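K.L.:
Protein chains in written order, with my numbering: chain A, 1 to 409; chain B, 1 to 269.
Glycine residues also receive a C-beta, built at the ideal position from the N, C-alpha and C atoms.
Given the structure is predicted, the values throughout are model-derived calculations rather than measurements.
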Amino acid sequence: MIKAHVKMATTSIRSARMRSFLTVIGIVIGVASVVTIVSLGEGVKKDVTSEINTLGGNLLTIRSGQTIERDNRGNVTGINIAAALGASTLTEKDATDLSAVDNVKTVAPIALLSGTPTTLNDDSYPSAYIVGTAYELPEILNKKVKYGSFFEESEMNRRVAVIGADVAKNLFLEDSPVGQTVRFRGSNFIIRGVLDKFKSSSLELTPSLNNAVFIPIDVAKQIGGGVLEIRDIQVKISDEKLLDQTSKNVKAVLLKNHSGQEDFTIFKQEEFLSIATQVFDKLTTLVAAIAGISLFVGGIGIMNIMLVSVTERTREIGVRKALGATNRQILGQFLVEAIMLSVLGGVIGVVVAIAIGVGIAFFTSLTPVFMPGTILVAIGVSTVVGIIFGITPAMKAASKDPIEALRHD
Amino acid sequence: MSVISLQNVSKIFGFGDATTVALDDINLKVDKGEFLAVMGPSGSGKSTLLNIIGMLDRPTHGIYFLDTRNVSKLRSNQRAKARRDHVGFVFQSFNLLPRMTTLDNVALPLAYRGGGTIRNLKKASNILEKVGLKKREYYFPRQLSGGQAQRVAIARALINKPSIVIADEPTGNLDSAASRQIMELLRDINRGGNTIIMVTHNTDLTEYASRIIYLRDGQIEHDQKLKNGEKVDLGKIKAAKEYDAEVDRDIKKTRADEKLENKKSRVKK
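Set out below in structure tokens:
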């Protein structure tokens with residue numbers, strides 16, 4: 001019987017294409033928005049996870065400002081992005097002192113330097129920015145130099161630069177501008193290498209390292225007039241098992257340097273994931289609430305059109321009953337039609353979401369990931385909407401008196 | 001053996017002052033293989049009688065045996081199943097479902113019984129062949145002539161091998177040529193052993209029937225077996241004569257009233 005219902009509903013939906021489409025728009029919008037945002041969230045999680053896997057679990061990142069709140073057990077409970085704004089509280093001394101902490105293998109500060117890198121032809125790339133850092137950076141970040149090489153310990157006073165993949169592509173318009181010159185703040189720097197592309201973890205609170213021009217930190221200090229704006233300090237530890245202990249020791253050293261004030265944050269890598277997740281969970285809740293309204297309105301639309309349909313087809317109902325359809329069979333027919341309308345909306349919504357996802361992936365650095373689970377839930381929710389809003393019209397159809405219905409025009 | 005046996009069946013609509021007696025203590029037996037024509041003026045209870053025999057409705061009082069089963073107290077879902085398995089309906093306005101093909105329309109009662117779709121469609125196809133419309137299987141009702149549509153409806157009524165076929169003015173919407181075809185088809189079906197109950201206003205159609213009952217005010221006023229090809233003569237039925245006389249009187253009275261009105265208005269002018 002269900003097969004016959006589906007066939008009948010298909011015919012009925014098809015015979016009023018325009019009406020059916022308009023009816024399901026509410027469902028389409030609701031489903032499309034939730035699926036898009038959830039998939040974006042999944043995409044970001046995947047990016048961040050793969051970034052963390054590259055960096056490894058033995059890395060601590062210290063940032064200025066107390067940007068996250070933790071509970072007693074150290075789990076992240078909240079985020080305060082505003083705390084990351086303003087002048088950095090981290091100093092060169094912090095970096096130096098941290099190398100002396102037990103179990104710390106290497107330390108690389110990342111210092112920002114203002115200035116616009118240009119080519120000798122005065123071409124510029126506005127997104128590019130200048131970073132002073134240590135020669136150990138590639139090792140710490142587990143990042144290969146794709147073309148050329150990174151600057152070495154002996155070159156910390158020389159005007160050399162290593163650039164991110166996007167700088168190579170957008171400033172020099174080629175993959176490997178090794179040996180060419182980049183110019184900023186009145187100095188020329190010879191490009192020694194191009195770093196392998198970083199997976200842009202879309203929710204990092206800082207610009208992508210793909211847009212960075214790395215120069216030796218000592219040179220950065222000279223150019224900057226002896227002052228360094230340290231954005232973060234990357235600390236690589238030897239034994240991953242002692243991560244928590246080392247983190248505590250690092251904190252103690254920094255607290256001492258900052259006269260007891262916790263104006264910095266120590267991140268373990270998996271915390272970036274938890275931050276990304278939290279931000280997206282909040283966003284998802286918000287969008288889901290809005291989508292809920294859309295689904296509700298969509299559901300009412302379906303109910304409305306089904307009520308109209310039941311009235312229009314009163315005579316058909318009468319004929320079917322005369323031919324031996326039971327109340328339950330009539331109920332089933334109209335309920336299946338409502339569910340199919342709603343699920344149709346859900347499917348279109350998923351398709352729209354995927355289309356939007358492809359667009360987002362094309363125009364931005366974000367890559368949404370469509371999980372089968374998300375899609376199943378979306379279809380499931382549409383089914384439930386169909387049942388909830390289809391049951392009243394279906395019951396109305398089922399309860400019609402066959403004699404009255406046969407008399408209806 | 002009676003297919004249909006109505007014992008003291010009454011149908012009353014409404015309550016209190018608004019009570020209408022549509023059927024008044026009807027006793028009727030219809031044997032298997034009969035072709036019963038039901039006649040009578042509008043409001044005489046023909047439709048109510050058909051609705052009760054077709055199990056679309058229940059009698060207020062009395063007992064209705066279909067075959068040997070008492071169906072007078074069945075609930076609506078049981079009646080639906082009984083209709084599906086024992087009754088075929090043919091309507092004046094065909095009542096084919098417009099969005100389904102001829103074949104699907106004919107197979108519809110089978111679909112409500114369940115069973116394999118393909119087998120059902122095959123059965124429907126066979127029946128359509130019997131009514132001479134196999135070539136129209138995939139046509140939609142709007143693509144059929146009135147006569148063809150009614151033949152499809154008859155095929156649909158027969159598909160469940162019903163005990164009785166109920167035809168409510170089956171030729172009411174057809175021209176005389178198509179009417180004759182439909183009536184001949186019904187007669188063939190009747191000769192094949194099916195019991196047919198037909199409502200009609202047209203005395204010419206009674207030549208196909210084997211028996212006629214004349215209803216008036218919810219009662220059977222006249223019950224007559226007809227010989228092969230015999231038509232009923234309403235002039236010989238007392239109730240029908242009375243009715244005609246009443247109508248005549250009403251018409252005369254109305255005309256007289258109108259004349260009076262006209263005179264009055266002329267005087268006023």
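(1) Just how far apart, CA to CA, sit B:Q181 and B:L144?
(2) Does the Cβ-Cβ distance between B:T102 and B:E129 come in under 8 Å?
(3) Quick one: give me the first and last residue of the beta strand (DSSP E) that A:Y147 is part of.
(4) Can at least three beta-carbon pairs, one atom from the segment 280-299 of chain A and one from the segment 17-32 of chain A, be found at a separation below 8 Å?
(5) Identify whether A:K199 lies in helix, strand or coil by the three-state DSSP scheme.
(6) What residues of chain A sit near B:S76, judged by a beta carbon separation below 7 Å?
(7) Residues of chain B with CB under 8 Å from A:D11, in chain order?
(8) To the nearest angstrom, how far is the alpha carbon of B:P141 from that of B:R99?
(9) Who pairs with B:T20 in a beta bridge, going by DSSP?
(10) In the segment 91-138 of chain A, which residue ranges form an unbroken beta strand (DSSP E) of at least 3 residues, counting only runs that do not cross its ends?
(11) With a Cβ-Cβ cutoff of 8 Å, do B:I220 and B:L50 count as a contact?
(12) Starting from A:V470, follow its DSSP beta bridges and name the residues at the other end.
(13) Within the segment 211-292 of chain A, note down every full beta strand (DSSP E) run reaching 3 residues or more, in order along the chain.
(14) Given that A:V319 touches chain B, what residues does it touch there, using C-beta distances under 9 Å?
(15) Counting pairs of Cβ atoms below 8 Å between the segment 87-96 of chain B and the segment 145-158 of chain B, do you hit three or more?
(16) Which residues of chain B have a Cβ atom closer than 7 Å to the Cβ of A:A4, listed in chain order?
(17) Quick check on DSSP: helix, strand or coil for A:D47?
(18) Closer than 9 Å between beta carbons: that is the criterion. Which residues of the segment 277-305 of chain A meet it against chain B?
(19) I'd like the list of long-range same chain contacts for B:A80, defined as Cβ closer than 7 Å, with 5 residues on each side in sequence excluded.
(20) Determine, for A:M1, whether the minimum Cβ-Cβ distance to residues of chain B falls below 8 Å.
(21) Which residues does DSSP pair with B:I164 in a beta bridge?
(22) Do A:G349 and A:V35 come within 8 Å of each other at the CB atom, strictly closer than that value?
(23) Which whole-angstrom value is the C-beta distance of B:T68 and B:I12, which I expect to be below 8 Å?
(24) Which whole-angstrom value is the C-beta distance of A:L137 and A:I223, which I expect to be below 8 Å?
(25) Comparing C-alpha positions only, which one of A:F363, A:S399 and A:K321 sits nearest to B:N95?
(26) Could one say the Cβ of B:K130 lies closer than 8 Å to chain A's Cβ atoms, at least one of them?
(27) Please state if the CB of A:D244 and the CB of A:D103 are separated by a distance shorter than 8 Å.
(28) Going along the chain, which unbroken runs of the beta strand (DSSP E) with 3 or more residues stay wholly within the segment 26-97 of chain B?
(29) Could you work out which residue in A:S274, A:F363 and A:I302 is closest to A:V44 when comparing CA atoms only?
(30) Secondary structure at B:L174, three-state DSSP: helix, strand or coil?
(31) I'd like to check one pair, A:P368 with A:D306: are the Cβ atoms closer than 8 Å?
(32) Pull out every residue of the segment 21-34 of chain B whose Cβ sits closer than 9 Å to any Cβ of chain A, in chain order.
(33) Excluding the 5 residues preceding and the 5 following B:R187 in the sequence, name in chain order all residues of the same chain whose CB lies nearer than 6 Å to its CB.
(34) Check the Cβ of B:D67 against every Cβ in chain A and list those closer than 7 Å, keeping chain order.
(35) Kindly list, in the order they appear in chain A, the residues whose Cβ is closer than 7 Å to that of B:L56.
(36) Listed from N- to C-terminal order along the chain, which residues in the segment 328-359 of chain A have their beta-carbon within a distance smaller than 8 Å of any beta-carbon of chain B?
P.N.:
Inspection of the coordinates gives the following:
(1) Looking up residue 181 of chain B in the second sequence gives position 181. Looking up residue 144 of chain B in the second sequence gives position 144. The straight-line gap from Cα to Cα measures roughly 15 Å.
(2) The residue given as residue 102 of chain B occupies position 102 in the second sequence. The residue given as residue 129 of chain B occupies position 129 in the second sequence. No; because the gap between Cβ atoms is not below 8 Å, this pair is not in contact.
(3) Residue numbering aside, residue 147 of chain A sits at position 147 when the first sequence is read from its first letter. V145 to G148 is the extent of the beta strand (DSSP E) around A:Y147.
(4) yes
(5) Looking up residue 199 of chain A in the first sequence gives position 199. Coil.
(6) As a working note, residue 76 of chain B is residue 76 in the second sequence. The contacting residues are N327.
(7) Taking the first residue of the first sequence as position 1, residue 11 of chain A is located at position 11. The sequence as given places Thr at residue 11 of chain A; Asp does not occur at that position. Going along chain B in sequence order, the residues near A:T11 (Cβ under 8 Å) are R99 and M100.
(8) Counted from its first residue, the second sequence places residue 141 of chain B at position 141. Counted from its first residue, the second sequence places residue 99 of chain B at position 99. If you take the alpha carbons of B:P141 and B:R99, they lie about 8 Å apart.
(9) Indexing the second sequence from 1 puts residue 20 of chain B at position 20. Bridge partners of B:T20: B:F13.
(10) 104-113 and 129-133
(11) Position 220 of the second sequence holds residue 220 of chain B. Position 50 of the second sequence holds residue 50 of chain B. For B:I220 and B:L50, no; Cβs fall outside 8 Å.
(12) Because chain A is modelled from 1 through 409, residue 470 of chain A falls outside the range shown and cannot be assessed.
(13) The qualifying runs are 212-216, 229-237 and 264-268.
(14) For the purposes of this step, residue 319 of chain A is identified with residue 319 of the first sequence, where counting begins at 1. Those within 9 Å of A:V319 in chain B are F89, F91, N95, L96, L97 and L108.
(15) yes
(16) Taking the first sequence and counting its residues from 1, the one referred to as residue 4 of chain A is at position 4. Correct list: A111.
(17) Along the first sequence, read from residue 1 onward, the residue named residue 47 of chain A stands at position 47. Here A:D47 sits in helix by DSSP.
(18) Within the segment 277-305 of chain A, no residue qualifies.
(19) Stepping through the second sequence from its first residue, residue 80 of chain B is reached at position 80. Counting only Cβ-Cβ distances below 7 Å, and skipping sequence neighbours, we find nothing.
(20) Residue 1 of chain A sits at position 1 when you count from the first residue of the first sequence. The beta-carbon of A:M1 is placed less than 8 Å from the nearest beta-carbon of chain B.
(21) Here residue 164 of chain B corresponds to residue number 164 of the second sequence, with the count starting at 1. For B:I164, which the question treats as bridged, DSSP gives the partners B:V87 and B:T195.
(22) Position 35 of the first sequence holds residue 35 of chain A. Position 349 of the first sequence holds residue 349 of chain A. Going by C-beta atoms, A:V35 is nearer than 8 Å to A:G349.
(23) Walking along the second sequence from the start, residue 68 of chain B turns up at place 68. Walking along the second sequence from the start, residue 12 of chain B turns up at place 12. Rounded, the Cβ-Cβ distance is 27 Å, inconsistent with contact.
(24) Within the first sequence, residue 137 of chain A is the residue found at index 137, counting from 1. Within the first sequence, residue 223 of chain A is the residue found at index 223, counting from 1. Their Cβ separation, rounded to whole angstroms, is 18 Å, which puts A:L137 and A:I223 out of contact at 8 Å.
(25) On the second sequence, residue 95 of chain B is found 95 positions in, with the first residue counted as 1. Among A:F363, A:S399 and A:K321, the Cα nearest to that of B:N95 is on A:K321.
(26) In the second sequence, counting from the first residue as 1, residue 130 of chain B sits at position 130. No, B:K130 lies away from the interface with chain A (no Cβ there is under 8 Å from its Cβ).
(27) What you label residue 103 of chain A is simply residue 103 of the first sequence in a count that begins at 1. What you label residue 244 of chain A is simply residue 244 of the first sequence in a count that begins at 1. Strictly speaking, residue 103 of chain A in this sequence is Asn, with Asp absent from that position. No, Cβ-Cβ distance for A:N103 and A:D244 is not below 8 Å.
(28) 35-39, 61-66 and 87-90
(29) Start at 1 with the first residue of the first sequence, and residue 44 of chain A comes out as number 44. Distances from the alpha-carbon of A:V44 to those of A:S274, A:F363 and A:I302 put A:S274 closest.
(30) To locate residue 174 of chain B, count along the second sequence from 1; it is residue 174. Note: B:L174 maps to coil in three-state DSSP.
(31) In the first sequence, counting from the first residue as 1, residue 306 of chain A sits at position 306. In the first sequence, counting from the first residue as 1, residue 368 of chain A sits at position 368. Looking at the sequence shown, residue 306 of chain A is not Asp but Met. In this structure, A:P368 does not lie closer than 8 Å to A:M306 by Cβ.
(32) Using a CB distance below 9 Å, no part of the segment 21-34 of chain B faces chain A.
(33) On the second sequence, residue 187 of chain B is found 187 positions in, with the first residue counted as 1. Result list for B:R187: Y208, in chain order.
(34) One-based indexing of the second sequence puts residue 67 of chain B at position 67. Per Cβ cutoff of 7 Å: no residues; B:D67 is ~16 Å from chain A at best.
(35) As a first step, residue 56 of chain B must be located in the second sequence, where it is residue number 56. Within 7 Å Cβ-Cβ: A322, P402 and I403.
(36) R328 and Q329
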